[in-house]
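Chains as they are written, first to last, in my numbering: chain A, 82 to 421; chain B, 82 to 421. Each residue gets a CB set at the ideal place from its N, CA and C atoms; glycine is no exception. Report on the following structure.
Protein chains: 2
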Amino acid sequence: MEKKVSLKDIAHHLGVSVALVSYVLNGKEKQARVGAEMAEKVRRAARELNYRPNLVARSLQSGKTRTIGLIVADISNPFFSSIARIIEDQAKKLGYVVIFGSSDENDEKQQDLIEVFLNRKVDAFIISPAVNTEKQIISLQKMGIPVVLIDRYFKEQWVDVVHSNNHAAAEQAVSQLVRNGRKKIAMVAYDSPLQHMEERRAGYKAALEAGNLGFRPEWLVPVAYTRMDRDVREGLGKLLEPLQIDAVFFATNSLATAGLRRINEAGLKIPQDLALISFDENEAFDFFYAPVTYISQSLDTIGKEAVEVVVDRINGSRKAPVNKIVEAKLVVRESCGSRK
Amino acid sequence: MEKKVSLKDIAHHLGVSVALVSYVLNGKEKQARVGAEMAEKVRRAARELNYRPNLVARSLQSGKTRTIGLIVADISNPFFSSIARIIEDQAKKLGYVVIFGSSDENDEKQQDLIEVFLNRKVDAFIISPAVNTEKQIISLQKMGIPVVLIDRYFKEQWVDVVHSNNHAAAEQAVSQLVRNGRKKIAMVAYDSPLQHMEERRAGYKAALEAGNLGFRPEWLVPVAYTRMDRDVREGLGKLLEPLQIDAVFFATNSLATAGLRRINEAGLKIPQDLALISFDENEAFDFFYAPVTYISQSLDTIGKEAVEVVVDRINGSRKAPVNKIVEAKLVVRESCGSRK
DNA sequence: AATTTTTACTTAAACGTTTAAGCATTTTAT
DNA sequence: ATAAAATGCTTAAACGTTTAAGTAAAAATT
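Below is the structure:
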């Protein structure tokens, strides 16, 4: 059980002041005019005693923890864990550490997490916000804590956000279905008022208009976050048995996997009976008998950019609000079935 | 931009000492014999000024951060992100927060992470260790920092560990293949000396013996962590084209998905041409045309238990080394194909 | 009435850093 | 030879808590 070594221990050991040691170990020997040989002695002692700076103490003094709080809906969702990985790497590169929490799409849980993280003095937040949490974000901003939203965002642009071009990507996906001759295209989407979802729905409608298909409300299956499985089973089920549609567009990968289960149950053949496309990636899509066409968001870009923006904010560089839009691309595979 | 409120601010505001305020807000008014009305005044002031304790300062004073460092191979791997979620929840319940890092199976990266976390004074570690990192773990123990290993472990039992019954589970899986009439059963496993992998291999061999099949080294495909895709493609490929086996057992879900891709390329039909079983779950297994039989580890139990053990260690309760073995169960589906 | 006990607070040190300011020496400039 | 500047350190305060020890006044005991 080795003792913790502090600056004081080194100072004692050498018979000098704590300040002297601190200056040297922080590379401020020049400014502080520490003698060359003394500096060397200090460095050697630090090495020999195996000194490790206590970052808690440093944080108390500096007011900075070099910690970023990451809040997502569910870290076990591959979408979020993938992005968490990118954020972790980028943060580490910049000398930051990430603490994370899952909100389960619940505004109270999110508020809880924010408070816990605030008490721990995170320097900034990266949040994929739950529904109805604008005030939470605003409140953080009022406190002067940098926040960057990822993936999801609110209507008005008063906070930094990094997201995909949801409208265009959704429109492109649905257009692909139209181009492939589908006329009765449904969409399964969360009933969320969050802007990313609004835009995916809007993109869907726009593509229908463009294809002269007209939007039919009964083909837009609304799903509540809290009853995801049930809503998909029942809502989509109604359109499948008997089969009233010839294509489905899923607004997220979790909706798609739930939907695929239901489709399999109904015994439908993809893409013959039904064409489909999903927003977001999922390894499972590769192994479906008709590999699923999907919209690939650049998690890499989103994660990296989010960290960069938030660190710039911490450092006070960057003034204007950031609204970084990342291109998503359609990966076309069998499931969207051109009936050639 | 609201000012940060400290105990001192409240004390000033009421014209009392900081200590008084601290006692009250920590519920120590009885021991400290603070007057009832004064206590009330303090609480009210705290509420009105919106006081939030600075946990950094508290940590410096107490030497405890109520933070657990979680190190896994890759947080974006569904196995680890699922367990991370469980750990997060359980930790939160006990008043802890989790900071995480991915080692990428690399001992130096793992050492890096440990050092970063140590400097930040995490109270304990939960680690799924990379190969060749015994000394790192031993060193933590010498420092008196609690560590619990999950999933992976070393030969000698000198550190707390929570893991599945790898040997038995693997044996059970392979036995299932034997029972279903398979005679030429291969295994794809990491060439890792880590004990969990050793045991999975040993379980495979034991089942072969028990089935009087005999172990053939060329059917045990070794995969290096650093060249996973290549090794699976080439190593397994050799056995598939031309087809020399009638079943494969994959030692992890990542190996299985890589293997499935190769199997699809070879145009083999599951389970007719080849039966298969994987260790670990993966959503993709559900969507394979022949749903994949797999060994389901109880991530829930592993995660919860790990947190509990580690928190007990922090609190000094629990003295004997913990070696918690969690039952894994075989989920039988089409891919292991009884040729009925 | 004098002593002890209890009550209701305050003082002060400590946790491990950082950093402005201070103070002898020594060196350089005049 | 003296003043000014440079060198090489130290002192001390601060960050926001916690908590042992101290103190003065009021209440209880003798």
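Could you spell out the range, first to last residue, of the alpha helix (DSSP H) harbouring Ser-377(A)?
Going by DSSP, Ser-377(A) is part of no alpha helix (DSSP H) but of the beta strand (DSSP E) stretching over 374-377.
Helix, strand or coil at Asp-90(A) [DSSP, three-state]
helix
Quick check on DSSP: helix, strand or coil for Lys-145(A)?
coil
Reference Val-123(B), options Gly-96(B), Tyr-271(B) and Tyr-375(B), closest by Cα:
Gly-96(B)
Along the chain, where does the alpha helix (DSSP H) containing Gly-318(A) start, and where does it finish?
318-321
So Ala-287(B) and Glu-322(B) are in contact, right, with Cβ under 8 Å, and what is the actual spacing, rounded?
The Cβ separation is near 29 Å, so there is no contact.
Assuming Val-392(A) and Tyr-234(A) are in contact, meaning their beta carbons sit under 8 Å apart, how far apart are those beta carbons, in whole angstroms?
That pair is no contact at about 20 Å.
According to DSSP, what are the bridge partners of Lys-410(B)?
Ser-377(B)
Run through the region 305-371 of chain B for me and flag every whole alpha helix (DSSP H) of 4 or more residues, listed as ranges in chain order.
309-312, 318-321, 334-346 and 364-368
Collapsed DSSP secondary structure at Asn-396(A) in the structure displayed
helix
Check the Cβ-Cβ distances between Tyr-306(A) and every residue of chain B, and say whether any is below 8 Å.
No, because no Cβ of chain B sits closer than 8 Å to the Cβ of Tyr-306(A).
Are three or more beta carbon pairs between the region 99-118 of chain B and the region 154-172 of chain B nearer than 8 Å?
no
Proximal chain A residues relative to Gly-348(B), where beta-carbon distance stays under 8 Å:
Ordered by position in chain A, no residue passes the 8 Å Cβ test against Gly-348(B), which lies about 14 Å from the chain.
With 16 other CB atoms within 10 Å as the buried threshold, where does Ile-406(A) fall?
exposed
If we cut at 8 Å on Cβ distances, does Ala-138(A) have a partner in chain B?
At a cut-off of 8 Å between C-beta atoms, Ala-138(A) counts as an interface residue with respect to chain B.
Inspect the CB distances between the region 202-222 of chain A and the region 359-379 of chain A and report whether three or more fall short of 8 Å.
no
Start-to-end residues for the alpha helix (DSSP H) that takes in Asp-188(A):
188-200
Along chain A, which residues have their Cβ under 9 Å away from the Cβ of Phe-369(B)?
Ala-365, Phe-368, Phe-369 and Tyr-370
Taking the beta strand (DSSP E) that Met-268(B) belongs to, which residues open and close that run?
Met-268(B): member of the beta strand (DSSP E) spanning 266-271, first to last residue.
Helix, strand or coil at Val-203(B) [DSSP, three-state]:
Val-203(B) sits in coil when the DSSP states are folded into three classes, being neither helix nor strand.
State the DSSP-derived secondary structure class of Leu-209(A), mapped to helix, strand or coil.
Leu is not the amino acid found at residue 209(A); the sequence shown has Ser there. Here Ser-209(A) sits in coil by DSSP.
Between Leu-317(B) and Gly-340(B), how many whole angstroms is the CB-CB distance? I'm expecting something under 8 Å.
6 Å
Should Gly-316(A) be flagged as near chain B, meaning a C-beta pair shorter than 8 Å?
no
Please confirm if Phe-181(A) has its CB atom under 8 Å from at least one CB of chain B.
Closer than 8 Å: yes.
From the DSSP output, in three-state form, read off Leu-275(B) for me.
Leu-275(B): coil per DSSP, three-state reduction.
Is the number of C-beta pairs between the region 254-272 of chain B and the region 322-332 of chain B that are closer than 8 Å three or more?
yes
Length of the line joining the Cα atoms of Met-278(A) and Asp-361(A)
13 Å
Continuous alpha helix (DSSP H) stretch holding Asp-170(B): start and end
159-174
I want to see whether chain A comes within less than 8 Å of Ala-332(B), judged by CB atoms only; does it?
no
For the alpha helix (DSSP H) containing Ser-256(B), list its first residue and its last residue.
247-260
So, is His-93(B) buried or exposed, given that buried needs 16 or more other C-beta atoms within 10 angstroms?
exposed
Opposite Phe-181(A) in the DSSP bridges: which residues?
Leu-151(A)
Anything in chain B within Cβ reach of Val-197(A), meaning under 7 Å, just list it in chain order.
Val-178
With distance defined between alpha-carbon atoms, name the residue in Ala-387(A), Arg-147(A) and Asn-363(A) nearest to Val-412(A).
Asn-363(A)
What number of angstroms, rounded off, separates the C-alpha of Asp-204(B) from the C-alpha of Lys-190(B)?
20 Å
I want to see whether chain B comes within less than 8 Å of Asp-381(A), judged by CB atoms only; does it?
no
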